[in-house]
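If you read the first sequence in the UniProt record's numbering, its first letter stands for residue 1, the second for the next number, and so on.
Glycine included, every Cβ here is placed at the ideal spot set by N, Cα and C.
Only one structure is covered here, and it is reproduced in the block below.
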Amino acid sequence: MAQIQVQRQQAAATGAAAPPPPQSMPTQNGMAGGVATGPIPLGSTSLYVGDLDLNVSEAQLADLFGQVGQLVSIRVCRDQTTRRSLGYAYINFTNGQEAARALELLNFTPLNNSPIRIMYSHRDPSLRKSGAGNIYIKNLDKAIDHKALHDTFSAFGNILSCKVATDASGQSKGYGFVQFDTEEAAKNAIDKLNGMLINDKQVYVGPFLRKQERDSSTSNTRFNNVFVKNLSESTADEDLKNVFGEYGSITSAVVMRDGDGKSRCFGFVNFENADDAAKAVEALNGEKFDDKEWFVAKAQKKSEREQELKGRFEQSMKEAVDKYQGLNLYIKNLDDTISDEMLKEMFSEFGTVTSCKGLLVPVSI
DNA sequence: ATTGAGCGG
1 MAQIQVQRQQ
11 AAATGAAAPP
21 PPQSMPTQNG
31 MAGGVATGPI
41 PLGSTSLYVG
51 DLDLNVSEAQ
61 LADLFGQVGQ
71 LVSIRVCRDQ
81 TTRRSLGYAY
91 INFTNGQEAA
101 RALELLNFTP
111 LNNSPIRIMY
121 SHRDPSLRKS
131 GAGNIYIKNL
141 DKAIDHKALH
151 DTFSAFGNIL
161 SCKVATDASG
171 QSKGYGFVQF
181 DTEEAAKNAI
191 DKLNGMLIND
201 KQVYVGPFLR
211 KQERDSSTSN
221 TRFNNVFVKN
231 LSESTADEDL
241 KNVFGEYGSI
251 TSAVVMRDGD
261 GKSRCFGFVN
271 FENADDAAKA
281 VEALNGEKFD
291 DKEWFVAKAQ
301 KKSEREQELK
311 GRFEQSMKEA
321 VDKYQGLNLY
331 IKNLDDTISD
341 EMLKEMFSEF
351 GTVTSCKGLL
361 VPVSI
């Protein structure tokens with residue numbers, strides 16, 4: 001079992017005795033990390049195994065999990081069209097004790113050099129979506145691996161999932177995540193461990209926040225100019241003035257229009273006072289007017305907006321490339337008389353063509 | 001300094 005040294009941070013000015021020297025932390029990978037103690041899916045026989053290397057097979061999983069108990073079934077989930085592994089699998093045992101034992105003993109076992117992450121199968125996505133009980137830890141000693149992190153945090157409650165962020169070679173990036181089954185456990189872990197020394201490094205432990213949430217809570221995001229879209233075509237400047245005027249004094253309210261004066265169905269409202277702008281966004285975003293659900297938010301500068309669009313575009317490109325990795329062919333200098341159907345027919349003799357598209361112009365978003 | 005992934009037959 002990995003030895004983790006947790007201690008209270010010494011106040012620098014007290015002249016108190018120096019903290020004990022760093023203790024070596026032999027991280028053995030023999031026996032597994034903490035035991036699931038909570039009243040989670042008591043007796044559940046079905047495990048979810050994630051973070052699988054894409055080449056891990058059912059046979060490999062059967063070899064591993066079959067050592068712990070009697071298996072009912074194993075399935076690596078795959079993309080329906082490409083048959084590529086989705087990186088997760090289900091393992092079903094005959095009884096709950098065996099499943100519990102497998103989770104306890106086999107969590108973080110490397111398969112094809114990637115530690116697998118085992119959880120109980122939980123098909124209801126509500127907890128996952130809510131993010132409740134999820135915490136973030138940074139400034140972790142690089143020697144702390146998944147298992148060591150699990151051991152340290154399992155003192156505070158039942159851990160659903162836990163992981164240290166690693167680079168391609170498996171090196172720790174010095175931060176990680178623990179998903180507890182309750183917010184209470186998460187809160188307790190944060191209270192007790194934030195700012196403590198773990199292996200002589202002072203860690204930060206706090207609630208997990210997505211980038212967006214972090215930005216809006218960190219950056220003092222004060223603004224006067226409000227963007228509103230999804231307006232009905234008949235909504236005019238005066239209507240914006242009336243609706244937004246409820247929240248404070250307005251310096252301008254404009255519906256954007258094309259050359260013919262037709263509404264582009266979005267506009268800007270500028271407030272004298274940033275607090276009023278924030279109140280208007282809070283109150284009006286998602287409200288319905290003329291059957292249209294308004295989107296109301298801080299107006300972005302052109303540069304901010306371009307930055308966001310660029311990010312989204314790159315993300316979707318990455319996903320597309322990733323999904324069809326090694327399966328997508330690019331053919332250029334095609335005559336424009338070649339139709340999608342002709343392309344498909346030509347290439348079909350080499351295998352199943354799942355999609356085929358000729359492009360006249362570069363794709364834009 | 002570094003804020004994830006994510007549930008079938």
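Tell whether a beta-carbon distance below 8 Å holds between residue 371 and Val243. Because the chain is modelled from 1 through 365, residue 371 falls outside the range shown and cannot be assessed.
May I ask you to report which of helix, strand or coil DSSP gives Gly176? Secondary structure of Gly176 (DSSP, three-state): strand.
Assess, as a yes-or-no matter, whether the segment 227-240 is touched by the segment 263-271 under the definition of 3 or more beta carbon pairs within less than 8 Å. These segments touch.
In whole angstroms, what is the alpha-carbon distance linking Leu231 and Ser249? 21 Å
Quick check: residue 399 and Ile91, are their CB atoms within less than 8 Å of each other? This structure leaves residue 399 out entirely; the chain is present only between 1 and 365.
For the segment 205-233, list the beta strand (DSSP E) runs that are entirely contained and at least 3 residues long, ordered along the chain. 225-229
Using the Cβ count rule (16 or more neighbours within 10 Å means buried), how would you classify Thr45? buried
Measuring alpha carbon to alpha carbon, tell me which residue in Gly96, Ser169, Glu58 and Thr182 is nearest Asn158. Thr182
Which residues does DSSP pair with Leu71 in a beta bridge? Per DSSP, Phe93.
Could you please give me the residues that DSSP links to Lys241 through a beta bridge? Residue pairing for Lys241: DSSP places it in no beta bridge.
Measuring CA to CA, which of Leu47, Lys201 and Asp141 is closest to Arg123? Leu47
Does the structure place the segment 247-262 close enough to the segment 196-206 that three or more beta carbon pairs sit under 8 Å? no
Along the alpha helix (DSSP H) that carries Thr152, what are the first and last residues, could you check? His146 to Phe153
Terminal residues of the continuous alpha helix (DSSP H) containing Val281? Ala274 to Leu284
I need the DSSP call for Glu349, collapsed to helix, strand or coil. coil
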